[in-house]
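Position 77 of the sequence shown, counting from 1, maps to 306 under the working numbering, and the rest follow consecutively.
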Amino acid sequence: MAVPQSLIGGNTSFHTASMSNTSSLSSSILLEDISNLNVVAGTLVFLSSVLTWTNFGRALIMVFLLLNLKAFPLVYHLRVLNAIRFVLRSQKPKQDVQPEQLFQPLITSSKACLMEIDVLGHKSNSTYFADVDIARTHLITTLFARGIEKIRGSTTMNGLSKNPPSKLTVALGGVSCTFKKELLAYETYDMWTRILAWDDKWVYIVTHFVKQRRNIRPRVSTLYPQQNTPQLRKQPVASSEKSADDCRDPDFAPSNVVASALSKIVFKNGRITIRPQEMLAAANLIPQPCDDRDDIGTAERKKLVRGIEAERERGLRMANLLGAQVGLHNEFQTDVALGKHYDGFGVEGVVATLAQLGKISPYQLI
């Protein structure tokens, strides 16, 4: 039977179109695969150019710098400036510090970075004193902000104000630190700093280094109420007449105290010493003398005055341990000495010792 030519021609065109579609589809898939391979190849080339030993070393150095930024030059000065800013009116707490808050601690947090670790694997004893400087500055600028402004005439820096340059300074007279436990690398801790006592010249400040624990926190934050949790807001504020021992949290474990530092400071206006009582009065941190003829609030004021004085006398007995160390200067003797050692950077002595041990050189660096 003869097949119509039109039918044969139609099938031929159909098969031709199908082959053309299949060919174009395969070409598009092939182009897509080639494009993906180009992307993968480009990614591998990019990664090979980035993941080099040089870049890996740079990344390690950057991580090391970020993790030890606290110990690098000028960072200490930035930390001090960060504490001094609380003297400024714009940085002061929304409410003024009251006499009832005079002996309450201010908490400053920090972390022991790797460059603060000594050869024994814990925070070096010498680094505690730099932290005490920062914590003490935070407390002074917070408590005495009003007094500093009254004596200086403003909170503007010298040279930026129309007023004559201020000569008000805070001088450090001594620091003593007692160590109890260790702090490991990158372990966080809090510094609880408060006024311990004062005499006719010095203000004594105590700083406790405490490991951060969830159960170690103040029951109430009186100066920054926004820091109180809903549970803390229900806690009553301790009476101002109670001593620090009476107000201590019964759940607090003294074993969490790592170290305790005692500092004494003096306020100076040029070469003139500002008595602590004058500075406290200028900052409105001690109640004014009571007038027996004024019955309104007299009883409460007398009670507050007695409480402050009792706490000052109690703290002064402990502060005298540091005050008596002035006599250590008299123990300096110059008659006879064992000799003198050279310190430098330590490299010279280590190299000389290794040369001696290796019998390279008999020279001993003293």
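Here a beta-carbon is modelled for each residue, glycine too, at the ideal position from N, C-alpha and C.
All values derive from a computational prediction rather than experimental measurement.
Burial state of residue i, where buried means 16 or more other Cβ atoms lie within 10 Å
i: M420; result: buried
i: D360; result: buried
i: Q455; result: exposed
i: Q517; result: exposed
i: P328; result: buried
i: R435; result: First, the residue type needs correcting, since residue 435 is Val and not Arg in the sequence shown. Buried.
i: Y418; result: buried
i: S339; result: buried
i: L273; result: exposed
i: C512; result: What sits at residue 512 in the sequence shown is Ala, not Cys. Answer is buried; the Cβ neighbour count reaches 16.
i: L491; result: buried
i: R314; result: exposed
i: I346; result: buried
i: A341; result: buried
Length of the line joining the Cα atoms of residue i and residue j
i: A426; j: Q506; result: 11 Å
i: I589; j: A581; result: 9 Å
i: L594; j: G573; result: 11 Å
i: H437; j: T370; result: 18 Å
i: A300; j: A528; result: 51 Å
i: R541; j: K569; result: 45 Å
i: R530; j: L372; result: 20 Å
i: W282; j: A288; result: 10 Å
i: H351; j: E416; result: 10 Å
i: G286; j: L295; result: 14 Å
i: F358; j: S278; result: 46 Å
i: F332; j: G575; result: 44 Å
i: P591; j: A584; result: 8 Å
i: S489; j: G271; result: 59 Å
i: L307; j: F293; result: 19 Å
i: S192; j: Q441; result: Residue 192 lies beyond the range of the chain shown here (230 to 595); nothing can be said about it.
i: C406; j: V534; result: 30 Å
i: A312; j: V449; result: 22 Å
i: L557; j: L303; result: 32 Å
i: Y571; j: I424; result: 40 Å
According to DSSP, residues forming a beta bridge with residue i
i: Y418; result: S339 and K440
i: I503; result: F496
i: F408; result: A488
i: Y433; result: A426 and K493
i: L413; result: H351
i: A605; result: With the chain running from 230 to 595 in the structure shown, residue 605 is simply not present.
i: I537; result: Its beta-bridge partners do not exist; DSSP assigns none.
i: I346; result: K352
Beta-carbon proximity of residue i to residue j, cut-off 8 Å
i: A374; j: K321; result: yes
i: V348; j: K410; result: no
i: T398; j: I363; result: no
i: L343; j: N284; result: no
i: I537; j: I515; result: yes
i: V326; j: L413; result: no
i: M547; j: G376; result: no
i: H367; j: L335; result: yes
i: G499; j: K396; result: yes
i: N444; j: F408; result: no
i: R365; j: T422; result: yes
Cβ contact (3+ pairs, closer than 8 Å) linking the segment 397-406 and the segment 486-505
yes
Assess, as a yes-or-no matter, whether the segment 429-437 is touched by the segment 545-552 under the definition of 3 or more beta carbon pairs within less than 8 Å.
Yes: at least three Cβ pairs fall under 8 Å.
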